[in-house]
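Participant: Residue numbers (the working numbering): 3 to 467. Each residue gets a CB set at the ideal place from its N, CA and C atoms; glycine is no exception.
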């Protein structure tokens with residue numbers, strides 16, 4: 003796989019290499035400084051040991067002259083050209099000197115206890131000195147060691163550290179890239195599976211990736227999204243089919259009547275009857291289009307509503323007066339038993355109740371009654387519309403609020419909603435975060451609108467336009 007600055011594998015490898023570099027660098031720095039301190043401590047201890055031995059030799063020797071005549075007593079303590087020794091008299095003159103580098107005599111302060119430090123004007127020379135009393139007067143013992151050998155050893159150690167650090171970072175990068183490639187293999191598998199899913203293969207699903215918890219969460223979320231997409235496509239397909247079917251009937255009627263009128267000359271009365279029939283079909287199409295537009299506005303994700311206190315008893319009373327003529331034609335009595343207030347969009351609530359009342363009157367038994375009532379349970383409120391008539395078969399109940407669904411397609415009436423009335427009711431309830439439901443048995447059919455009275459207020463939407 004080609005390295006690209008945008009690939010996650012390269013980023014992971016670089017982060018792994020950077021982390022390794024920081025860790026290895028910290029360890030290397032700790033080891034280096036530990037070694038440096040240890041070498042310096044050992045050198046200092048060696049210098050102090052030489053001072054002690056020189057002091058012991060002086061104590062065992064009668065005079066400086068006798069010691070000067072026996073150089074083998076102190077020269078064997080030095081061993082290489084990096085070590086120095088001075089015994090300085092009271093006149094600041096070197097009485098005994100081992101100075102392979104011909105360095106000038108360092109000027110050091112007097113001290114009665116051993117002191118360690120770098121030589122003045124020569125930081126590469128480490129010194130230990132001590133003032134002692136002797137038979138010939140005060141003497142200053144100075145032992146020294148150059149740091150060249152130590153610096154050379156530490157320099158070689160630093161070079162090895164840099165080489166090891168570079169090799170470690172390179173290996174960390176290579177291993178990080180290989181590990182990330184292997185670790186991201188399920189991601190590439192997931193991407194390949196997702197790429198194979200299109201509108202014609204929405205039934206396909208991604209693997210579960212149970213052995214990788216993070217990918218399992220992602221694949222499950224994507225599969226849930228695919229479920230919703232498949233349902234949405236299926237719903238859209240059904241909607242297109244239903245819409246085509248619903249519009250085909252009035253358009254076929256209009257086309258047939260127009261062709262029939264053009265087949266021969268007609269009387270003005272026949273033309274007038276044909277135009278009246280066409281007008282009914284146009285009105286049916288207009289209602290269907292208005293309902294579809296209303297449903298589309300209701301289902302917009304950003305659609306919110308403005309709730310206002312609504313007097314249910316007054317609202318239902320207005321609707322009863324509006325449907326009074328239709329109820330009298332069927333001999334149905336409208337009974338208003340509603341009460342209380344509800345926070346809702348007044349126009350939307352009016353439309354939902356109007357659709358339920360129109361449906362109840364359309365399918366209610368003649369010489370019966372339709373009752374509108376309310377019921378409070380805790381923080382919820384229900385509006386019930388109850389009519390008497392033939393019960394709805396149980397197989398139809400789950401589908402009543404779907405678009406274009408009819409229990410009996412042959413029961414189309416000129417003023418019906420084209421199978422969209424109850425779908426509009428459900429959309430209005432969803433806009434209010436509520437739910438519409440239905441129950442039907444031998445005692446009649448009851449449509450319920452369930453509201454939660456603690457719902458918060460929102461902004462005004464275009465739903466009621």
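Among 91, 321 and 236, which has the Cα closest to the Cα of residue 67?
Facilitator: Here residue 67 refers to the residue found at position 65 when the chain shown is read from its first residue. Taking only the C-alpha atoms, the option nearest residue 67 is 91.
Participant: Could you check the C-alpha separation between residue 496 and residue 16 for me, to the nearest Å?
Facilitator: Because the chain here runs from 3 to 467, residue 496 falls outside it and cannot be looked at.
Participant: Buried or exposed: which applies to residue 392, given that a residue is buried once 16 or more other Cβ atoms fall within 10 Å of its Cβ?
Facilitator: As a working mapping, residue 392 is identified with position 390 in the chain shown. With fewer than 16 other Cβ atoms within 10 Å, it is exposed.
Participant: Do residue 30 and residue 177 count as a contact pair if the criterion is CB distance below 8 Å?
Facilitator: If you number the chain shown from 1, residue 177 lands on position 175. If you number the chain shown from 1, residue 30 lands on position 28. No, the pair does not count as a contact, with Cβ atoms beyond the cut-off.
Participant: Mind listing, in chain order, the continuous alpha helix (DSSP H) runs of no fewer than 4 residues lying wholly within the segment 281 to 351?
Facilitator: Within the segment 281 to 351, the complete alpha helix (DSSP H) runs of at least 4 residues are 314 to 324 and 326 to 332.
Participant: Taking the beta carbon of residue 403 as the centre, do at least 16 other beta carbons fall within 10 Å, making it buried, or is it exposed?
Facilitator: Here residue 403 refers to the residue found at position 401 when the chain shown is read from its first residue. Residue 403 is buried by the Cβ-count criterion.
Participant: For chain C, is any of its Cβ atoms less than 8 Å away from the one on residue 340?
Facilitator: As a matter of chain content, chain C is missing from the structure shown, which is built from one protein chain.
Participant: Count the other C-beta atoms from every protein chain shown that fall within 10 angstroms of the C-beta of residue 123, then say buried if there are 16 or more, exposed otherwise.
Facilitator: Position 121 of the chain shown holds residue 123. Classification for residue 123: exposed.
Participant: How many Å lie between residue 115 and residue 171 at the Cα?
Facilitator: The count along the chain shown starts at 1 and reaches residue 115 at position 113. The count along the chain shown starts at 1 and reaches residue 171 at position 169. Approximately 49 Å between the Cα atoms of the pair.
Participant: Can you check DSSP and say which residues form a bridge with residue 86?
Facilitator: Position 84 of the chain shown, counted from the start, is the residue given in the question as residue 86. Looking at the DSSP assignment, residue 86 forms a beta bridge with 146.
Participant: Taking a contact to mean a Cβ-Cβ separation below 8 Å, would you say residue 235 touches residue 426 in this structure?
Facilitator: Within the chain shown, residue 235 is the residue found at index 233, counting from 1. Within the chain shown, residue 426 is the residue found at index 424, counting from 1. No, the pair does not count as a contact, with Cβ atoms beyond the cut-off.
Participant: If you compare alpha carbons, which of 180, 125 and 314 is closest to residue 384?
Facilitator: Residue numbering aside, residue 384 sits at position 382 when the chain shown is read from its first letter. The shortest C-alpha separation from residue 384 is found at 314.
Participant: Look at the alpha carbon of residue 111 and the alpha carbon of residue 128, and state the distance between them as a whole number of angstroms.
Facilitator: As a working note, residue 111 is residue 109 in the chain shown. As a working note, residue 128 is residue 126 in the chain shown. If I take the Cα positions, the gap works out to 15 Å.
Participant: Let me know the secondary structure DSSP gives residue 135 once reduced to three states.
Facilitator: Mapped onto the chain shown, residue 135 falls at position 133. Strand at residue 135.
Participant: Assuming contact is defined by CB atoms lying nearer than 8 Å, are residue 2 and residue 334 in contact in what I supplied?
Facilitator: Residue coverage of the chain in this structure runs from 3 to 467, which leaves residue 2 outside it and unanswerable.
Participant: Taking all protein chains shown into account, decide if residue 254 is buried (16 or more other Cβ within 10 angstroms of its Cβ) or exposed.
Facilitator: Against the chain shown, residue 254 aligns to sequence position 252. Classification for residue 254: exposed.
Participant: Three Cβ pairs or more, each shorter than 8 Å: is that satisfied between the segment 16 to 27 and the segment 95 to 108?
Facilitator: These segments do not touch.
Participant: I'd like to check one pair, residue 390 with residue 367: are the Cβ atoms closer than 8 Å?
Facilitator: What you label residue 367 is simply residue 365 of the chain shown in a count that begins at 1. What you label residue 390 is simply residue 388 of the chain shown in a count that begins at 1. Yes, these two residues count as a Cβ contact at 8 Å.
Participant: List, from N- to C-terminal side, the beta strand (DSSP E) runs of 3 residues or more that fit wholly inside the segment 223 to 278.
Facilitator: Those beta strand (DSSP E) runs which fall completely within the segment 223 to 278 and span 3+ residues do not exist here.
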